[in-house]
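Student:
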Amino acid sequence: MKILTYNFLTSKCIRGVKVGYPLKLNIVEKKVVSSDFNSEFITRMIPRLDWGAIKQAANNVSIF
Numbered sequence: 505m506k507i508l509t510y511n512f513l514t515s516k517c518i519r520g521v522k523v524g525y526p527l528k529l530n531i532v533e534k535k536v537v538s539s540d541f542n543s544e545f546i547t548r549m550i551p552r553l554d555w556g557a558i559k560q561a562a563n564n565v566s567i568f
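Numbers 505 to 568, taken from the working numbering, label the letters of the sequence shown in order.
1. Can you look up TYR510 in the DSSP assignment and give me helix, strand or coil?
2. Under three-state DSSP, which class holds PHE541?
3. Secondary structure at GLY520, three-state DSSP: helix, strand or coil?
4. Any idea if PRO551 is buried or exposed, counting beta-carbon neighbours within 10 angstroms, 16 or more meaning buried?
5. From what residue to what residue does the alpha helix (DSSP H) around ASN563 run?
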């Protein structure tokens with residue numbers, strides 16, 4: 505799963521869940537895949553990102 509995709513996932517729609525974000529990643533297998541840089545996509549996404557959740561996800565998958 506891409507870290508950007510993860511940033512938008514939530515479990516708050518499940519009954520009994522009060523705080524459903526950010527989800528905790530449980531990594532079973534990690535694979536790094538290169539992709540082309542798309543500046544338009546990044547420009548649209550940056551204002552929507554929760555940087556604390558991105559940092560937490562990056563730490564969970566040992567990117568940083």
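Yeah, the Cβ is synthetic: ideal placement off N, Cα and C, and Gly gets one too.
Tutor: Reading from the atomic positions:
1. In the sequence shown, counting from the first residue as 1, residue 510 sits at position 6. Here TYR510 sits in helix by DSSP.
2. Translated into the one-based positions of the sequence shown, residue 541 becomes position 37. Correct three-state label for PHE541: coil.
3. Here residue 520 is taken as the residue at index 16 of the sequence shown, counted from 1. The answer is coil: DSSP assigns GLY520 none of H, G, I, E or B.
4. On the sequence shown, residue 551 is found 47 positions in, with the first residue counted as 1. By the 10 Å Cβ count, PRO551 comes out exposed.
5. In the sequence shown, counting from the first residue as 1, residue 563 sits at position 59. ASN563 -> alpha helix (DSSP H) spans 555-564.
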